[in-house]
Amino acid sequence: MQTVEPLLQEAEFDQKILDEQKIEPRDWMPEAYRKNLIRQMSQHAHSEVIGMQPEGNWITRAPTLRRKAVLLAKIQDEAGHGLYLYSATETLGCTRSELIEALQTGKAKYASIFNYPALTWADVGATGWLVDGAAIVNQIALQRTSYGPYARAMVRICKEESFHQRQGYEIMFALAKGSPQQKQMAQDAMNRIWWPSLMMFGPHDADSAHSSQSMKWKIKRQSNDFLRQKFIDQTIPQIKVLGLDMPDPEIRWNKKRGHYDHGEINWDEFYQVINGQGPCNHQRIKHHKRAHDEGEWVREAVRNYREKQNRRENSTMKK
Ligand code: 3HC
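Residue numbering for the sequence shown follows the numbering used here, beginning at 3 and increasing consecutively.
In structure tokens:
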């Protein structure tokens, strides 16, 4: 016989979403909500961690000690973001090793942008400025996401990302106002990273598989296209201050819309990259596996320590 309890639970959940209350780990939630969150949050965590690779390549080649120290701090922040997000995802009932396995076997995605190489020092500047800049636009909206642990992780992450965006812009500013060769390097990095940054917001709303349900559940608060346009509108004036040429010849102010018009993204390239065929996909996962395997002794030490602690606690309780 069917009981009314599941219906009541669902009604209570719907009401909480309607009232802008946060859903917490011990609250009842629909299975599809839980799965969708695990998908998005783990993809987000993987992005933070894989994102350390292109910038990490430049630690030993940073042009000054100050730049090296700042870059190191930034990359450590990204590792921290990955950890907050993995911990938040684990509150949904999955383990860290399941999440890592999904990444390494290609079941879980990570942000497409990190499958492009960082070719010059200017790429470090353009990445901080554009990639972290795009990430913040998306993540500010996520501070109001309906799942409590995700929303709270986002508050801290956004604060750190805005420092990252500024350090990137500062590098770009120094290069753009430097020698003609430095300015050219900044221009070239921006031209290459511009389009993949726009792709970070995902497919057009009409082609976005998850948006409609995620918006109903208030996991996503603003749509892919809305956020992309917001990023474009706030970034064009920054390009002007740098004195660089626009990365897209179709960029122009549309007075009627009150937004910048722009050219179309190469969606074939986007789908190739997210389906594993980008310039660095294989390299990124191979490196992740190697680093993960090399860290096995740390996990083993933690497991042994925990077991020892548990044994000690059990024997104290028996006494
Ligand atoms: N890169 C890789 N995959 C992407 C993508 C991108 N830029 N954009 C979309 N996709 C994938 C989706 O994951 C989904 O695949 P799946 O069904 O296998 O999971 C598919 O394309 C369809 O896209 P949807 O629009 O339907 O997917 P979402 O509703 O999840 O929207 C999103 C995509 C806007 C990226 C959303 O997931 C999101 O807001 N995620 C949280 C933010 C995030 O992950 N940011 C990573 C940025 S990098 C970062 O923060 C590191 C920092 O150092 C800069």
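Note that CB positions come from ideal geometry on N, CA and C, so glycine has one too.
In this text the structure is predicted, and so the values were computed from the model without any measurement.
beta-carbon residue i near ligand 1 non-hydrogen atom, thresh 8 Å
| i | result |
| --- | --- |
| V275 | yes |
| R41 | yes |
| H290 | no |
| S361 | Residue 361 is absent from the model: the chain starts at 3 and stops at 321. |
| H83 | yes |
| I195 | no |
| H46 | yes |
| F228 | no |
| S341 | As displayed, the chain neither begins before 3 nor continues past 321, which places residue 341 out of reach and without an answer. |
| G150 | no |
| M174 | no |
| E163 | yes |
| A120 | no |
| Y171 | no |
| F272 | yes |
| I115 | yes |
| G108 | no |
| Q184 | no |
| F203 | yes |
| L101 | no |
| N59 | no |
| G53 | yes |
| V133 | yes |
| A64 | no |
Any chain D beta carbon closer than 9 Å to residue i
| i | result |
| --- | --- |
| P27 | The chain labelled as chain D is not found in the depicted structure, where only one protein chain is given. |
Minimum C-alpha distance to residue i - residue among the options
| i | options | result |
| --- | --- | --- |
| K111 | H284, R305, F165 | H284 |
| K291 | M31, E14, V51, L10 | V51 |
| S210 | I173, D263, I159, W269 | W269 |
| I253 | I238, R259, Q274 | I238 |
| H48 | S164, Y88, A293, K288 | Y88 |
| Q236 | V139, L73, Q11 | V139 |
| S164 | G265, A90, S99, W131 | W131 |
| V275 | R286, E309, P65 | R286 |
| Q106 | E302, A293, Q311 | A293 |
| L177 | A137, R308, G204, P65 | P65 |
| I25 | A137, E100, S148 | S148 |
| F203 | K70, F233, D295 | F233 |
| G278 | T318, G108, K218, P205 | G108 |
| G58 | T97, H264, H46, E80 | E80 |
Proximity of residue i and residue j at Cβ, strictly below 9 Å
| i | j | result |
| --- | --- | --- |
| D134 | G170 | yes |
| Q325 | H261 | Coverage of the chain is limited to positions 3 through 321, which leaves residue 325 absent and any answer about it impossible. |
| N201 | S114 | It should be noted that the sequence gives Met, not Asn, for residue 201. Contact flag set, yes. |
| L39 | L121 | no |
| E22 | K220 | yes |
| W123 | I61 | no |
| F175 | V126 | no |
| N117 | G297 | no |
| A128 | A188 | yes |
| R41 | H212 | yes |
| P119 | P56 | yes |
| H206 | I159 | no |
Residue i - partner residues in DSSP beta bridges
| i | result |
| --- | --- |
| H264 | Looking at the DSSP assignment, H264 forms no beta bridge with any residue, so it has no partner. |
| N256 | H261 |
| I25 | Y149 |
* Asked: Counting pairs of beta carbons, one from the segment 168 to 186 and one from the segment 149 to 156, are three or more of them closer than 8 Å?
  -> no
* Does the segment 233 to 251 touch the segment 186 to 201, meaning 3 or more C-beta pairs lie closer than 8 Å? -> yes
* **Contact between the segment 66 to 78 and the segment 8 to 17 (3+ Cβ pairs under 8 Å)** => no
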